[in-house]
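Asker: Last residue of the sequence shown: number 251 in my numbering, and the count goes up by one each step with no gaps. Here you go, one structure.
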Amino acid sequence: EFIKNSTNPFRHATGEGGTMFDAGLARYQSMRVNYFEHFKPTGHAFRLGMAVVVLPIALYAWAMKAERDGREQQYRNGEVAYKDRLFKFI
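Here it is as structure tokens:
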């Protein structure tokens, strides 16, 4: 119906002005706004949240700690000269 009314060449003669009301678009926007009001916490939602939010943060923290511990071990063993160390002015 939206396409029928929007492509009607005689629409201006009816005295309607402004934008057209699209019932389907209004329902879609209402559904998107009210999505979280109808959210039900389930095991699947929990696993998805863990996989998308917590797991990447934990993996990044683990990789950063492993890299820093390895670099610290090299510094303590004397494998890296003072002039070659990163952040030597801190």
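Even glycine gets a Cβ: it sits at the ideal position worked out from N, Cα and C.
1) Enumerate in chain order the residues of its own chain whose CB-to-CB distance from Trp223 is below 8 Å, with the five nearest sequence positions on each side excluded.
2) What does the alpha-carbon distance come out to for the pair Phe207 and Tyr189?
3) Judging by CA-CA distance, which residue of Ala219, Arg246 and Phe200 is the nearest neighbour of Arg232?
4) Enumerate in chain order the residues of its own chain whose CB-to-CB distance from Glu162 is below 6 Å, with the five nearest sequence positions on each side excluded.
Answerer: Taking the coordinates as given:
1) As a working note, residue 223 is residue 62 in the sequence shown. None.
2) Here residue 207 refers to the residue found at position 46 when the sequence shown is read from its first residue. Here residue 189 refers to the residue found at position 28 when the sequence shown is read from its first residue. Approximately 26 Å between the Cα atoms of the pair.
3) For the purposes of this step, residue 232 is taken as residue 71 along the sequence shown, with counting starting at 1. If we check each option's Cα against that of Arg232, Arg246 comes out closest.
4) Counting from 1 along the sequence shown, the entry for residue 162 is found at position 1. Leaving aside the five residues that flank Glu162 on each side, none in its chain has a CB nearer than 6 Å to its CB.
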